[in-house]
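Below is one structure; the comments refer to it alone.
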Amino acid sequence: MTATGGPEVLQLQTLPKPTIRQPGEVLIQLKGAGINPVDTKLRTRGTFYPDRSPTILGCDGAGIVDAVGEEVKNFKKGDEVYFCFGGIGGPEGNYREYAVVDHRFIAKKPKKLSFVEASAAPLVLITAWEALHDRAQIQPEHRVLIHGGAGGVGHVAIQLAKQTGAQVCTTVSSEEKGEFARSLGADHVINYRETDFVEAIMEWTDSKGVDVAFDTVGGETFAKSCGAVAMYGDLVTILQPDANMNWSTARARNLRFSLELMLTPMHQGLISALEHQTDILHCCAELFDSERLRLHLQQTFPLAEAAAAHRLLEQGGMMGKLALEVG
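Counting with the UniProt record's numbering, you get residues 1 to 327 for the letters of the sequence shown.
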């Protein structure tokens, strides 16, 4: 993209093949690129680096190592990898055939996943893991509410929460999505279009509230969630709270709030945090390969049809993820 706007600003272009410039870098022949809501926001509003053009979107990628820098010891040509890096501005995104990434920020691809499935996984895995483990410090005895349990982040968050031994409740918008959430391990499902989720949570928890609520929706849902969290409980959100929000319920319940934006380490160049995110991908690869975690890919598109993928994502109502098939 060379300008912001609708999906039509995504244009197929031929650019020079990237090359390794630093001894710790890896050249990856991409086979898939994940599509995330942040991609559509950057396309519409502008990227983190508006002075760098053209922009290639796509934070997530998976592919085959094509070459390694002289200091890279943990990867070799032919290795299958996945990662979340790039895509927030400039030409380093992953809607492309080749990418160069620092070896510290890539992980071996789960063997149980295809390239395109693996490419759809990293951003949502890291987001859910950081929210539940790093922010809320989820425990086996916890009762957890996950909003949007059929969505990209939500459907992996349900599974990661269940892996800890927690009991999980989730909100969905239809019976089909409810069945999907149950298939992932959700203990209790609330159709928020038919039922007040705060009342349902209080009934589920004997009026105590959940220990942890994970908000992937924002707005009124975030504000209402304060009344569904137990005294001294945790509420984590991936969206920015409304400037006019009334915090009285949260204050009365002594809630602890956390904000989760997994792009911060990449944008700010926080190496240790990026390495931690790579460790998350290593852990999740083991979960995939032991069949304790799965990624639901609703639909794939060829690279040339990235604009069509954006249109579908912006329509809403999806289950799981979308991805581009590359090469």
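A virtual CB, placed ideally from N, CA and C, is assigned to each residue, including glycine.
Taking 9 Å as the threshold (C-beta atoms), are residue j and residue i in contact?
{"i": "G69", "j": "G86", "result": "no"}
{"i": "L27", "j": "V100", "result": "yes"}
{"i": "L312", "j": "A33", "result": "no"}
{"i": "K162", "j": "G178", "result": "no"}
{"i": "M319", "j": "E176", "result": "yes"}
{"i": "Q139", "j": "L293", "result": "no"}
{"i": "A131", "j": "A166", "result": "no"}
{"i": "H267", "j": "I88", "result": "yes"}
{"i": "E84", "j": "Q277", "result": "Residue identity check: residue 84 is Cys in the sequence provided, not Glu. Contact flag set, yes."}
{"i": "Y95", "j": "L10", "result": "yes"}
{"i": "T237", "j": "E260", "result": "yes"}
{"i": "L287", "j": "K321", "result": "no"}
{"i": "L303", "j": "L15", "result": "no"}
List the whole-angstrom C-beta distance separating residue i from residue j, where the pair is believed to meet the contact cut-off of C-beta under 8 Å.
{"i": "L274", "j": "A120", "result": "Not a contact, Cβ separation roughly 20 Å."}
{"i": "T171", "j": "H147", "result": "5 Å"}
{"i": "T127", "j": "M262", "result": "5 Å"}
{"i": "residue 360", "j": "K112", "result": "In the structure as shown, the chain starts at 1 and stops at 327, and residue 360 therefore has no counterpart that could be examined."}
{"i": "S225", "j": "L239", "result": "Not really, about 11 Å apart at Cβ, beyond 8 Å."}
{"i": "A228", "j": "F197", "result": "7 Å"}
Output the distance between the C-alpha atoms of residue i and residue j, rounded to the nearest integer angstrom.
{"i": "P23", "j": "K76", "result": "13 Å"}
{"i": "Y192", "j": "A306", "result": "32 Å"}
{"i": "I106", "j": "I280", "result": "11 Å"}
{"i": "L145", "j": "L57", "result": "31 Å"}
{"i": "I271", "j": "R104", "result": "9 Å"}
{"i": "A309", "j": "F257", "result": "34 Å"}
{"i": "E80", "j": "P122", "result": "14 Å"}
{"i": "G285", "j": "K109", "result": "Reading off the sequence, residue 285 comes out as Ala, not Gly. Between A285 and K109, the C-alpha separation is close to 7 Å."}
{"i": "K31", "j": "G327", "result": "6 Å"}
{"i": "S207", "j": "A230", "result": "9 Å"}
{"i": "Q29", "j": "P18", "result": "10 Å"}
{"i": "P241", "j": "R251", "result": "15 Å"}
{"i": "F180", "j": "A150", "result": "7 Å"}
{"i": "E199", "j": "E8", "result": "43 Å"}
{"i": "G46", "j": "D215", "result": "25 Å"}
{"i": "residue 328", "j": "G152", "result": "Coverage of the chain is limited to positions 1 through 327, which leaves residue 328 absent and any answer about it impossible."}
{"i": "R201", "j": "A136", "result": "At residue 201 the sequence reads Ile, which differs from the Arg that was named. Cα-Cα distance, rounded: 18 Å."}
{"i": "E71", "j": "E25", "result": "8 Å"}
{"i": "P265", "j": "N244", "result": "28 Å"}
{"i": "T195", "j": "G154", "result": "19 Å"}
{"i": "residue 328", "j": "D134", "result": "Here the chain covers residues 1 to 327 and nothing more, so residue 328 does not appear."}
{"i": "E97", "j": "G317", "result": "29 Å"}
{"i": "Y82", "j": "G269", "result": "20 Å"}
{"i": "W247", "j": "A118", "result": "39 Å"}
{"i": "S114", "j": "T249", "result": "45 Å"}
Quick one: residues in its chain with C-beta nearer than 7 Å to the C-beta of residue i, no 5 flanking neighbours on either side, listed in chain order?
{"i": "T20", "result": "Going by the sequence as given, residue 20 is Ile instead of Thr. Here the set comprises L27, A67, G69, V100."}
{"i": "H188", "result": "C169, W204"}
{"i": "N74", "result": "H103"}
{"i": "G78", "result": "I64, V65"}
{"i": "E125", "result": "Here residue 125 is Leu; the residue named in the question, Glu, does not match the sequence. Closer than 7 Å at Cβ, skipping near neighbours: V156, I280, L281, C284."}
{"i": "D51", "result": "none"}
{"i": "T4", "result": "R43, T44, R45, G46"}
{"i": "G6", "result": "none"}
If you follow the beta strand (DSSP E) that residue i is in, where does it begin and where does it stop?
{"i": "R256", "result": "256 to 259"}
{"i": "P143", "result": "The residue you asked about is not Pro; residue 143 is Arg in the sequence shown. 143 to 146 is the extent of the beta strand (DSSP E) around R143."}
{"i": "F301", "result": "297 to 302"}
{"i": "I106", "result": "106 to 108"}
{"i": "L322", "result": "321 to 325"}
{"i": "T170", "result": "167 to 172"}
{"i": "T237", "result": "229 to 237"}
Within the same chain, show all residues whose beta-carbon is closer than 6 Å to that of residue i, passing over the 5 residues directly before and after it, in chain order.
{"i": "E314", "result": "T40"}
{"i": "S173", "result": "R193"}
{"i": "residue 328", "result": "This structure leaves residue 328 out entirely; the chain is present only between 1 and 327."}
{"i": "Y49", "result": "G89, G90"}
{"i": "T300", "result": "V116, A323, E325"}
{"i": "P54", "result": "T2"}
{"i": "E92", "result": "G86"}
State the start and end residues of the unbroken alpha helix (DSSP H) segment that holds residue i.
{"i": "L263", "result": "That residue, L263, is in no alpha helix (DSSP H); it is neither H nor E in DSSP."}
{"i": "Q29", "result": "Looking at the DSSP string, Q29 is not in any alpha helix (DSSP H); the run it does join, the beta strand (DSSP E), is 25 to 35."}
{"i": "A223", "result": "220 to 225"}
{"i": "residue 332", "result": "For the chain, the structure presents residues 1 to 327; residue 332 sits outside this window and is missing."}
{"i": "H276", "result": "271 to 289"}
{"i": "T249", "result": "248 to 252"}
{"i": "A213", "result": "No alpha helix (DSSP H) contains A213, which is instead part of the beta strand (DSSP E) from 210 to 215."}
Who are the near neighbours of residue i in its chain, counting only those whose CB is closer than 8 Å to its CB and skipping five residues on each side?
{"i": "G233", "result": "G209, V210, D211, V212, A213, R253, L255, R256"}
{"i": "D289", "result": "P110, K111, K112"}
{"i": "R182", "result": "V189"}
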